[in-house]
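Participant: Quick one: structure below, then a few questions.
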Amino acid sequence: MNFPSWRTYLDESRSYYYSLFLILPLAAMYEVGTMYLFSNQPYELRNAADALLRFILEQIGVAPGYYFSIIFVGILTVVLGFGIWREKRQPLNAMIFPMILLESLGWGTVLFFALQFIANLTLTIPTNHTGLVQVNLALGAGIYEELVFRVILIAALSFILRRGFHWQDASANWTSLLGAAVIFAGFHLFAEVFQWHIFIQRITGGILLGALFLKRGYGVSAYSHIFYNLIILISFN
């Protein structure tokens, strides 16, 4: 088992090929964990971005109830299989996976200290629940907030700027990153009272995670977000 060169690692690790291999087991763990933790409850506590996706799909009659979980994991599996077939990739280099985890842990730590410097507050995870529920929410935040506010929203805003206003790719991407960060911060106002320092902190978090997504891909940004949340849980519990 050979270590990849640094250039090979940077190229391969930011691809959706490796990202989906990393996200798929986490998505399954989050869905199974939610079902298990709330099996005897009249409600389920889910990440807000996850709940938003479910609400939208339920409103258009696509995925009621637990079908969303099956559909989401199924879509990841199909996209992964299609990507492997379409790109005709070489066999996976197993050493890239622990390298991605170590890199993400590093970025999660940087994110923690950067946001604590701005405001001594958490970014996404409530701490008034049991440990397993908090860990499960940490997984959901990394998976779904990065999916909604980075993968989907940045791509959608960039598409509008490029096709509708004929912006260059770089300008469209980075402007979309800033717009998505503001929307990311505003989204949290549905669950909390507006305070400037918290709002600025969330915008900063959105910018840092958005930059990670653009430069390093979905897998690194999602795992960095998760590691950040876990560091928060360890630090404040």
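No gaps in the numbering here: position 167 of the sequence shown is 169 in the working numbering, and each next residue is one more.
Beta carbons are placed, not taken as given, at the ideal position from N, Cα and C, and that holds for glycine.
Predicted, not measured: the structure shown is a model, and the values here were computed from it.
1. Measure the Cβ-Cβ separation of Ser15 and Ile156 and say whether it is below 7 Å.
2. Quick check: Tyr230 and Leu113, are their CB atoms within less than 7 Å of each other?
3. So Leu235 and Ala116 are in contact, right, with Cβ under 8 Å, and what is the actual spacing, rounded?
4. Quick one: Cα of Thr111 to Cα of Ile62, how far?
5. Give a yes or no on whether the C-beta atoms belonging to Glu46 and Phe40 are separated by under 7 Å.
6. Please classify Asn42 as buried or exposed, where buried requires at least 16 neighbouring CB atoms within 10 angstroms.
7. Between the Cα of Val137 and the Cα atoms of Trp109, Asn49, Leu78 and Leu191, which residue gives the shortest distance?
8. Please report the distance separating the alpha-carbon of Val150 from that of Phe5.
9. Is the Cβ-Cβ distance between Ala183 and Gly212 less than 7 Å?
10. What does a CB cutoff of less than 6 Å around Phe201 pick up in its chain, not counting 5 residues either side in sequence?
11. Between Ile25 and Ile145, which are expected to be in contact by the criterion C-beta below 8 Å, what is the C-beta distance as a whole number of angstroms?
12. With a cut-off of 8 Å on the beta carbons, I'd call Ile77 and Tyr20 a contact; round off their distance for me.
13. In the DSSP assignment, the alpha helix (DSSP H) including Ile102 goes from what residue to what residue?
14. Compare the C-alpha of Tyr11 against each of Val222, Ile185 and Ile73 and name the closest.
15. If you run the structure through DSSP and keep just helix, strand and coil, what is Trp8?
16. Distance check for Gly219 and Ser17, CA to CA, integer angstroms please.
17. Taking the alpha helix (DSSP H) that Leu141 belongs to, which residues open and close that run?
Facilitator: Let's see:
1. Numbered from its first residue, the sequence shown carries residue 15 at position 13. Numbered from its first residue, the sequence shown carries residue 156 at position 154. No. Outside cutoff.
2. Position 228 of the sequence shown holds residue 230. Position 111 of the sequence shown holds residue 113. Yes, Cβ-Cβ distance for Tyr230 and Leu113 is below 7 Å.
3. In the sequence shown, the residue the question calls residue 235 occupies position 233. In the sequence shown, the residue the question calls residue 116 occupies position 114. In this structure, Leu235 and Ala116 do not form a Cβ contact; the two beta carbons are roughly 18 Å apart against a cut-off of 8 Å.
4. For the purposes of this step, residue 111 is taken as the residue at position 109 of the sequence shown. For the purposes of this step, residue 62 is taken as the residue at position 60 of the sequence shown. For Thr111 and Ile62, the distance between alpha carbons rounds to 39 Å.
5. For the purposes of this step, residue 46 is taken as the residue at position 44 of the sequence shown. For the purposes of this step, residue 40 is taken as the residue at position 38 of the sequence shown. Yes; because the gap between Cβ atoms is below 7 Å, this pair is in contact.
6. The residue you call residue 42 lines up with position 40 of the sequence shown. When all chains shown are included, Asn42 counts as exposed.
7. Taking the sequence shown and counting its residues from 1, the one referred to as residue 137 is at position 135. Nearest of Trp109, Asn49, Leu78 and Leu191 to Val137, Cα basis: Asn49.
8. Position 148 of the sequence shown holds residue 150. Position 3 of the sequence shown holds residue 5. Rounded to the nearest angstrom, the two C-alpha atoms are 33 Å apart.
9. Against the sequence shown, residue 183 aligns to sequence position 181. Against the sequence shown, residue 212 aligns to sequence position 210. Judged by their CB atoms, Ala183 and Gly212 are nearer to each other than the 7 Å cut-off.
10. Stepping through the sequence shown from its first residue, residue 201 is reached at position 199. Around Phe201: Ala187.
11. Numbered from 1 along the sequence shown, position 23 holds the residue referred to as residue 25. Numbered from 1 along the sequence shown, position 143 holds the residue referred to as residue 145. Sure, about 6 Å apart at Cβ, within 8 Å.
12. Position 75 of the sequence shown, counting from 1, holds the residue named residue 77. Position 18 of the sequence shown, counting from 1, holds the residue named residue 20. Between Tyr20 and Ile77 the Cβ distance is about 18 Å, and since that is not below 8 Å, they are no contact.
13. Within the sequence shown, numbered from 1, the residue matching residue 102 stands at position 100. DSSP places Ile102 in the uninterrupted alpha helix (DSSP H) bounded by Ile98 to Ile120.
14. Taking the sequence shown and counting its residues from 1, one reaches residue 11 at position 9. Cα-wise, what sits closest to Tyr11 is Val222.
15. Taking the first residue of the sequence shown as 1, we reach residue 8 at position 6. In this structure, Trp8 counts as helix in the three-state DSSP scheme.
16. By one-based count along the sequence shown, residue 17 stands at place 15. By one-based count along the sequence shown, residue 219 stands at place 217. Answer to the nearest angstrom: the Cα atoms are 6 Å apart.
17. Against the sequence shown, residue 141 aligns to sequence position 139. Element bounds for Leu141: Gly133 to Gly142.
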